[in-house]
Amino acid sequence: MNKKGKKVILVDIFFQYLAQTGIKTYTDSLLSQIDAYDGEEYTFIIYPSREKMMGSKFFKGKTARWKNWWFQIRYFSHKLIVLPFLSLWYKADLVFSPDILSPIWSRGKRVSVIHDAFFWETPEHYNALWRKIYLFFLQKSVDSGARVLTVSHYAKSKISNYLKTSNPITAIPTGLDLKVRAKMDKEHSHHPNPYFLHVGVMEKRKNLPTLIKAFAIFSEMSETDYSLVLVGQRGPREALDDYPAIMDLVKKYQLEDKVIFPGYLDAVKLSTYYQFAEAYVFPSTNEGFGLPVLEAFSYGLPVIVGPQGALQEVGGEAVLVSSSFDAEDFSRVMFQLSTDEALRHELSESGFKRLSLFTGEKFFLSLLGYFKRMINE
Numbered sequence: 010m011n012k013k014g015k016k017v018i019l020v021d022i023f024f025q026y027l028a029q030t031g032i033k034t035y036t037d038s039l040l041s042q043i044d045a046y047d048g049e050e051y052t053f054i055i056y057p058s059r060e061k062m063m064g065s066k067f068f069k070g071k072t073a074r075w076k077n078w079w080f081q082i083r084y085f086s087h088k089l090i091v092l093p094f095l096s097l098w099y100k101a102d103l104v105f106s107p108d109i110l111s112p113i114w115s116r117g118k119r120v121s122v123i124h125d126a127f128f129w130e131t132p133e134h135y136n137a138l139w140r141k142i143y144l145f146f147l148q149k150s151v152d153s154g155a156r157v158l159t160v161s162h163y164a165k166s167k168i169s170n171y172l173k174t175s176n177p178i179t180a181i182p183t184g185l186d187l188k189v190r191a192k193m194d195k196e197h198s199h200h201p202n203p204y205f206l207h208v209g210v211m212e213k214r215k216n217l218p219t220l221i222k223a224f225a226i227f228s229e230m231s232e233t234d235y236s237l238v239l240v241g242q243r244g245p246r247e248a249l250d251d252y253p254a255i256m257d258l259v260k261k262y263q264l265e266d267k268v269i270f271p272g273y274l275d276a277v278k279l280s281t282y283y284q285f286a287e288a289y290v291f292p293s294t295n296e297g298f299g300l301p302v303l304e305a306f307s308y309g310l311p312v313i314v315g316p317q318g319a320l321q322e323v324g325g326e327a328v329l330v331s332s333s334f335d336a337e338d339f340s341r342v343m344f345q346l347s348t349d350e351a352l353r354h355e356l357s358e359s360g361f362k363r364l365s366l367f368t369g370e371k372f373f374l375s376l377l378g379y380f381k382r383m384i385n386e
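According to our numbering, the residues represented by the sequence shown are 10 to 386, in order.
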């Protein structure tokens, strides 16, 4: 299947059947760059086809247990049987898996992307059996020569503490094709009051109860009537879902009229929420990269984060960092931002500049350079 001597890269996107957050965004960015690629060095084979992925929601959202088991069986069968066969069929020079796990054997080199150290650091968030199987096959694939990429130097430092590999782990930051968005007139806003924004699945690691507490303290301090908008779905599994704790705190602090839950939004509706937010607040305690920071930068939003390594690495001097994960410290930073227009403008401009460091093109060029080194070893 090799055309005109080009090197063949087999890109495995099977996990897109399930992915909803970081891995999905990473893979979508990769596929966009592959679509635009017109070079003479590589042929990219995407499997399964993107047509199969589009509109497939069978495994997404809050699913029945039997669906979770069926996905895992299909996933491991795909990694252990289907991918090795495809690598032979397409005469692959490299098999690229953006979703943690490479096959134990294949034709050509194998590279997988481990986005974070969650499997090791938060075992309570995973089914014990499937986590054990994942880690077993991950170690087996690495032992048999698979290489590991990750998405930030912070994630690299964390993963290196747990994964035994004789080969170096390489960090290539994710890149997105995000353009600076033109501001819309305030009359198009969903809410009359200024508001803080958070976008993401309501998983426990997102630390949203702290944000609710911080917003309650902030509301007592501020003379302006603010809202808090939490866009996103509930956690996909009971062990991960923080929605009940969030709602308990909203009721406890009597914030029912101030905390708004739009749920999952399509791209057009989500854009309007970004457009009119006062700032983006990201209190997450555990991230491998932090794509929402870049998304907020593209809308010119000031961004507040906690003292979390990946978010600070991505945000640099363009984010305002809470001194701790305590609600009181977050509330003080929120108040500082709300009362300092010059600071908001400065962070907005810094965010635009920071965005240029994480483009889809830079990401893809780094990836191509890495592929070339791997194939030529």
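All C-beta atoms, glycine included, are put in the ideal place defined by N, C-alpha and C.
In the structure shown, L27 adopts coil according to DSSP, grouped into three states. The C-beta of E287 has 16 or more other C-beta atoms within 10 Å across all chains shown, which makes the residue buried.
Going by beta carbons, E322 and S161 fall inside the 7 Å limit.
Residue F334 holds the alpha-carbon nearest to the alpha-carbon of P218 among G324, F334, P301 and Y56.
S86 counts as exposed, since fewer than 16 other beta carbons sit within 10 angstroms of its beta carbon. Beyond the five residues adjoining it in sequence on each side, V122 comes within less than 6 Å, by CB distance, of P107 and L158 in the same chain, given in chain order.
For W78 and A336, the gap between their C-alpha atoms comes out near 38 Å. Around the beta carbon of E229, a 10 Å sphere encloses fewer than 16 other beta carbons of the protein chains shown; the residue is thus reported as exposed.
Counting C-beta pairs with one atom in each stretch, the segment 128 to 140 and the segment 90 to 106 have fewer than three that are closer than 8 Å, which means they do not touch. Annotation for P271: the continuous beta strand (DSSP E) segment containing it runs V268 to G272. Every unbroken stretch of the alpha helix (DSSP H) spanning 4 or more residues and falling wholly within the segment 244 to 316 is given here in chain order: 252 to 261, 276 to 285 and 300 to 307.
Take the alpha-carbon of S347 and the one of K213: they are about 27 Å apart. Assigned with DSSP and collapsed to three states, H87 falls in helix. Residue pairing by DSSP places Y204 opposite S236 in a beta bridge.
Look at F105 here: in three-state DSSP terms it is strand. Going by DSSP, K371 is part of the alpha helix (DSSP H) stretching over G369 to N385.
Here A248 is exposed, its C-beta having fewer than 16 other C-beta atoms within 10 Å. Positions of the beta strand (DSSP E) runs, each at least 3 residues long and wholly inside the segment 103 to 141, are given as 103 to 106 and 118 to 122 in order along the chain. The beta-bridge partner set that DSSP reports for M211 consists of R243. Under DSSP, the beta-bridge partners assigned to K16 are Y51. Here P253 has no same chain residue with a Cβ atom under 7 Å from its own Cβ, once five neighbours each way along the sequence are excluded.
In the DSSP annotation of this structure, the continuous segment of the alpha helix (DSSP H) that includes V342 starts and ends at A336 to S347.
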